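This report refers to the structure that appears directly beneath it.
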Amino acid sequence: AYSRLLCMMSLPGAIFGARLCSFILEDHCDWRKAFRPGFWWHGGLAGLVVATFVGSTAMKLPLRPLVDSLGLGMPMFEVFNRLGCISYGCCWGGPAPESSQLRIRFN
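Going from the sequence shown to our numbering is simple: count from 1 and add 88.
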């Protein structure tokens with residue numbers, strides 16, 4: 089039961105870390121761009137790790153099983169991350185020419 093609660097607490101940490109990293113590194117801390125879309129995977133991972141560590145310490149849960157479960161969930165997280173990058177066109181992708189058969193252009 090505590091592990092489910094910890095997962096629900098760690099998700100906002102991952103989202104906050106991803107947005108904070110994008111805000112600092114991509115937007116250069118420009119407050120006018122604070123609410124524009126954009127997330128960085130590396131910041132999300134850092135936020136997830138910090139939130140998981142803090143939450144597991146506060147709940148006195150063993151950290152090793154939680155890290156094992158993160159190892160199983162990270163590949164799925166990466167799949168959705170890459171699909172988001174392709175559809176948004178920020179990192180790995182963008183609109184393809186109409187003559188293209190794939191309709192996705194990889195940079």
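Glycine included, each C-beta is placed from N, C-alpha and C at the ideal position.
A quick note: this is a predicted structure, and the numbers were derived from the prediction, not measured.
Item: Cα-Cα separation between LEU133 and VAL167, rounded to whole angstroms; Value: 14 Å
Item: Where the alpha helix (DSSP H) through PHE141 begins and ends; Value: 129–146
Item: Cβ-based neighbour list, GLU114, same chain, cut-off 8 Å, excluding 5 preceding and 5 following; Value: GLY126, TRP128
Item: Nearest candidate by alpha-carbon position, reference PHE165, set ALA106, LEU93, ARG92; Value: ALA106
Item: Three-state class that DSSP yields for GLU114 in the structure shown; Value: coil
Item: Coil, strand or helix - SER157 by DSSP; Value: helix
Item: GLY101 - DSSP class collapsed to helix/strand/coil; Value: helix
Item: For SER98 and THR140, believed in contact at Cβ under 8 Å, the rounded distance; Value: 5 Å
Item: For GLU186, three-class secondary structure by DSSP; Value: coil
Item: Distance, TYR90 Cα to CYS117 Cα; Value: 36 Å
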